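*Asks:* Quick one: the structure is below, and I'll ask about it shortly.
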Amino acid sequence: MNIANKLTMLRILLIPIFLGVLYSGIPYNHYIAIAIFIIAGVTDAIDGYIARSRDMITDFGKLMDPLADKLLVFAAILWFVGQGTFPIWAALVVIVREFMVTGIRMVASAKGNVIAAGILGKVKTVVTMIILPFMFLPLARPFEQWLNWEYISPWLNWVCVIVIVVTTVVSGIEYLVKNKELLDWKE
Numbered sequence: 083m084n085i086a087n088k089l090t091m092l093r094i095l096l097i098p099i100f101l102g103v104l105y106s107g108i109p110y111n112h113y114i115a116i117a118i119f120i121i122a123g124v125t126d127a128i129d130g131y132i133a134r135s136r137d138m139i140t141d142f143g144k145l146m147d148p149l150a151d152k153l154l155v156f157a158a159i160l161w162f163v164g165q166g167t168f169p170i171w172a173a174l175v176v177i178v179r180e181f182m183v184t185g186i187r188m189v190a191s192a193k194g195n196v197i198a199a200g201i202l203g204k205v206k207t208v209v210t211m212i213i214l215p216f217m218f219l220p221l222a223r224p225f226e227q228w229l230n231w232e233y234i235s236p237w238l239n240w241v242c243v244i245v246i247v248v249t250t251v252v253s254g255i256e257y258l259v260k261n262k263e264l265l266d267w268k269e
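The opening residue of the sequence shown carries number 83 in my numbering; numbering runs sequentially from there.
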């Protein structure tokens, strides 16, 4: 297993640790969770860079890298849903898009093709990985001495949710259009 694939596996292993910290109730758990999420997100950028720059792109990486991203994002979003800070309808938009993409990948695989992530899918992933830690800030309250989180938190939250939903929908449409030849629309 090459280094890029090892980083993908590390990202998957960080997910239960991330959730364990969130649910632990230990002091500063939100700060620790933000750090773990950011580390996991950085491994995504590093493994992609290494795979491309060293020509280490493998079918394993094409499959597991997006899966690791999905699992990490689902873990965070579903935790936010449980906290009441991410609407269930928005979570369903994200989940439906991911299942649609996975379904298209399965159809492609059955036809002997492996589909790598498209550019808008990558943008969606990067944007989501950057935005989700911001949703933790009101919970961690790092600047509570000089910011009124009771006022800022709802606005910050809704901006984050809207950006995640818009990038999810747009990248899902790109994926459908780009891979329409794999789907038999006549049936």
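The beta-carbon is built from N, C-alpha and C at its ideal position, and this holds for glycine as well.
In this text, all values refer to a predicted model and were calculated from it rather than measured experimentally.
1. Taking Cβ to Cβ, would you say residue 263 is nearer than 7 Å to residue 202?
2. Measuring alpha carbon to alpha carbon, tell me which of 241, 242, 209, 265 ends up nearest residue 253.
3. State the CB to CB distance for the pair residue 115 and residue 103, rounded to an integer number of angstroms; the pair is presumed to be in contact (CB under 8 Å).
4. May I have the straight-line CA-CA distance separating residue 119 from residue 259, to the nearest angstrom?
5. Does the distance from the C-beta atom of residue 86 to that of residue 138 stay below 7 Å?
6. Do you know how far the Cα of residue 189 is from the Cα of residue 84?
7. Residue 87 by DSSP, collapsed to three states: which one?
*Replies:* Judging by the given coordinates:
1. no
2. 209
3. 5 Å
4. 31 Å
5. yes
6. 27 Å
7. helix
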